[in-house]
Amino acid sequence: MAGRRPIIEIRNLDKFFGEFQALNDVSLTVHAGERMVICGPSGSGKSTLLRCINRLEEPSAGRLTVDGIELTGAKETLRRVRTEVGMVFQQFNLFPHLTVLENLTLGPMRVRKIARSEATARARKYLDRVHIPEQADKYPAELSGGQQQRVAIARSLCMEPRIMLFDEPTSALDPEMINEVLDAMVELADSGMTMVCVTHEMGFARKVADTMVFMDNGEIVEKSPPDAFFSNPSSKRCRMFLDRILEH
Amino acid sequence: MAGVMDDAVVRGVGKPGADGRQRWLQNVLGQVKSRAIPVALYLIVMYLLVRVSLTGAEAMGYNWQWYRIPDYLFRLTDDGFQWGEISLGLVTTLALSLQAFLIALAAGLIVALLRLSDLVVGSALAVAFLEFVRNMPLLVLLYLFYYVLGPIFGLDRYAASVLCLGVYHAALVSEIFRAGIQAVSAGQWEAARSIGLSTGQTYRFVVLPQSIKFMLPPMAGEAVHIVKSSAIVSVIAVVELTTTGRNIIADTYLSFEVWFTVAVVYLAITLTLSIFVTFLEKRYAVKT
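Here the protein sequences line up with chains A and B, keeping their order.
Quick note: the first sequence uses this note's numbering, first residue 1, plus one each step.
Quick note: the second sequence uses this note's numbering, first residue 1001, plus one each step.
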C-alpha cells in the first residue's frame, strides 16, 4: 500500500464495557483503496473495533481519524463521518416498514438532501449492482436473507461512502445464500472501494484481501498480507485459530 | 392473545384445497370453544345482576318508569326534533375526553422523549413529573387544577377538567410511548445512525412508525380509560354524562332507570372504541 494515503488512522484505542476490556491499545492504519479482512475468535473485539470506526461505540481512550476528520464526540463531525462510512450488519437491520426502494432513498433524501427522483435513480443503480433490481417495491420481509443483505449493501452504497465496513455480513445467512452476498462484496472490492470486513469467510479473504488482521483478547495479534498470513502466520494463537476454522 | 389468534388464522387460511377448508373449520370451532367459557360466564353474571335488581326493586316496591327515559335521549315536539339531556351530556363527555386525549398524546410523547434522551435534566424532569402524577389520586389532582390553578390562571371548570385529565393521562400515555419506542430493536437505531440520520430523523422515519403497532392496543385501553375517568369531573359540576344523570335523578327520583341508561351509554362508547382499534391494529400490522 505504499504511496496510498491513509484513510482510517486508529491510535492506541481502548474500549471498556464496565470492567471488561474489549479493545486494548489497538493501533491500525487503513489506506484508501485497501481491502482489509479482520478475523479472530468471538469476543476478540473485532466487531467493537469496527463499530468504533463509525462511532456506534464510544472509545474509552485513544484517537481515531477518518478521512482527515478526527472523531470526537461532536455531533457535526460524527454525522459527516457516518455519511462517508457505510456499514453492513450481521442482522441486515433493514427498515421493515419501508419498501426496498424507500430503504435506499431515506438516507440520500434526508441526509444528503437530494431530490426524490435523483435518489430513486441512484437506488435503482445500486440495486442493479447487487443484481436485485426486480425487488425494488417489495418489503424486506418478502425477501430471502441473501437478498436482504444485498439490499443492506445497496442501502449503504446509496450514501456514496468512501469506506465500507462489514460486520460478519454472512454469519446470519443460510449456507446457500452466502455466495450471492460474497459475490456482491467481491464486485465492490473490484471497483476500488476501501473495505474493512470482519468475516470468517477465508475463501473470500484470499480472493480480495490486501491485508489480513487477526485479533484476540482485544489486541491485534497479527497483521500481514494474505499469502504470509495463511501459509506462515507468525503467532501461535493465529496458527491455532486458522487450523480450527480451515479444517473442513 | 390477539397475536396467537392471528397466527392461527394465517396458518389455517394459508393452506389451499380441502385440507385448508378443514383447518379453517377446526380453527373456527377452536375459537368458539376457547370463547365459550367467558361468554357463558358473562351471560350468567348478567342474568344474576338483572335478576337481583328486579327482585330487589320489587321487594322495595320500586315503581319502574322506563317510558320516561326516551325523553332524556331525544324529543319530538311541535317545535321539531330536540336532543335530550343525556345525549347532550354524552356530547360533552366525548368532547372532554377527546380534548384531554389529544393533550395526553402530545404531552405524553414529549415526556417519553425527554425520559429517553441523553439530557440529564430532561430525563430527571420527566421522571419527577411521572412520579408526581402517578402517585396522586385523580380526584386530588382535579381539586388542585380547579381550586388552585383555576383561580391563578383563570381556568373555568371545563378547562380545568380537560387539563387535569390531559395531564393525568399524559403520564400513563408516556409510558406506553416509552415501551413502544424501546420495543424497536437496537439494530434499527444503528442502521439509521450508520446512514447519518439524526436522532430526530431516526424517531420520525424509522422508530415511531414501527412502534405504532406496539402502542395501539395499550393506547386503545388508555382512550377507554380516559372516557371512564372523565366521569370524575362531575364532582366540580361539569355537566357531562354522569352529572346529567345525577341532575335528572335529583328532579325525578328515577335512579334505577337513569343509572342503567348511563351505564349502557358508557359501555356503547368504550365498545365502539375497542372495535375501532381492532380495525386500526389490522391496518398498521407491520411484517417483521
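Heads up, the beta-carbon is just placed ideally off N, CA and C, and yes, glycines get one too.
Separation of the CB atoms of residue 1160/B and residue 1172/B is rounded to 19 Å, and the pair is thereby denied contact status at 8 Å. With contacts defined by Cβ atoms closer than 8 Å, residue 1242/B and residue 1085/B do not form a contacting pair.
Setting aside the 5 residues that flank it on each side, residue 223/A is surrounded in the same chain by 213, each with a C-beta closer than 6 Å to its C-beta; the list follows chain order.
With 16 or more neighbouring CB atoms inside 10 Å of its own CB, residue 47/A falls in the buried class. Within chain A, no C-beta atom comes less than 9 Å from the C-beta of residue 1211/B; the nearest is roughly 10 Å away.
Closer than 8 Å to the CB of residue 100/A there is not a single CB belonging to chain B. Distances from the alpha-carbon of residue 16/A to those of 29/A, 9/A, 59/A and 4/A put 59/A closest.
Here residue 1162/B really is in contact with residue 1096/B; their C-beta atoms are around 6 Å apart, less than 8 Å. Residue 236/A carries a helical assignment under DSSP once its states are collapsed to helix, strand and coil.
Per the coordinates, the alpha-carbon of residue 1222/B lies some 23 Å from the alpha-carbon of residue 1123/B. Per DSSP, the beta-bridge partners of residue 167/A are 198/A. The Cβ neighbour count for residue 176/A, taken over all protein chains shown within 10 Å, is under 16; the residue is labelled exposed.
Only 97, 106, 107, 110 and 111 from the segment 97-123 of chain A bring a Cβ to less than 7 Å from some Cβ of chain B. Counting along the chain, the unbroken alpha helix (DSSP H) around residue 1124/B starts and ends at 1120-1134. When Cβ pairs closer than 8 Å are counted between the two stretches, the segment 1205-1212 of chain B is seen not to touch the segment 1067-1075 of chain B, the count staying below three.
For the segment 58-84 of chain A, the residues whose beta carbon sits under 7 Å from a beta carbon of chain B are, in order, 79, 82 and 83. Here residue 245/A is exposed. Its C-beta has fewer than 16 other C-beta atoms within 10 Å. Under the Cβ criterion of 8 Å, residue 1201/B is counted among the residues facing chain A.
With its beta carbon at least 8 Å from every one in chain B, residue 193/A lies outside the interface. Residue environment: residue 122/A is assigned as buried (16 or more neighbouring CB atoms within 10 Å of its CB, all protein chains considered).
Proximity of chain A to residue 1190/B at the Cβ level (cut-off 9 Å) is accounted for by 51, 56, 87, 89 and 93, in chain order. Taken in chain order, the members of the segment 1173-1197 of chain B whose beta-carbon sits within less than 7 Å of a beta-carbon on chain A are 1187, 1188, 1190, 1191, 1193, 1194, 1195, 1196 and 1197.
When Cβ-Cβ separations below 8 Å define contact, residue 1206/B makes contact with chain A. Residue pairing of residue 31/A in beta bridges, as defined by DSSP: 6/A. Residue 155/A belongs to the set of residues whose beta carbon lies under 8 Å from a beta carbon in chain B.
Taking 8 Å as the cut-off, the beta carbon of residue 198/A is found closer than this to the beta carbon of residue 38/A. With a beta-carbon spacing of about 14 Å, residue 181/A and residue 207/A fall beyond the 8 Å limit used to define contacts.
At a cut-off of 8 Å between beta carbons, residue 159/A contacts chain B.
Spatial neighbours of residue 81/A in its own chain (CB-CB distance under 8 Å, excluding positions within 5 residues in sequence) are listed in chain order as 54, 55, 66, 67, 69 and 71.
Beta bridge pairing from DSSP links residue 39/A with 214/A. Nearest C-alpha to residue 99/A among 124/A, 79/A and 89/A: 124/A. The Cβ atoms of residue 49/A and residue 78/A do not sit closer than 8 Å to each other. DSSP places residue 151/A inside the alpha helix (DSSP H), whose first and last residues are 145-157. Distance from the CA atom of residue 227/A to the CA atom of residue 201/A, rounded to whole angstroms, is 16 Å. Taking C-beta separations shorter than 8 Å and ignoring five residues to either side along the sequence, the partners of residue 1155/B in its chain run 1145, 1146, 1149 and 1163, following chain order. One alpha carbon belongs to residue 1108/B, the other to residue 1181/B, and they sit about 13 Å apart.
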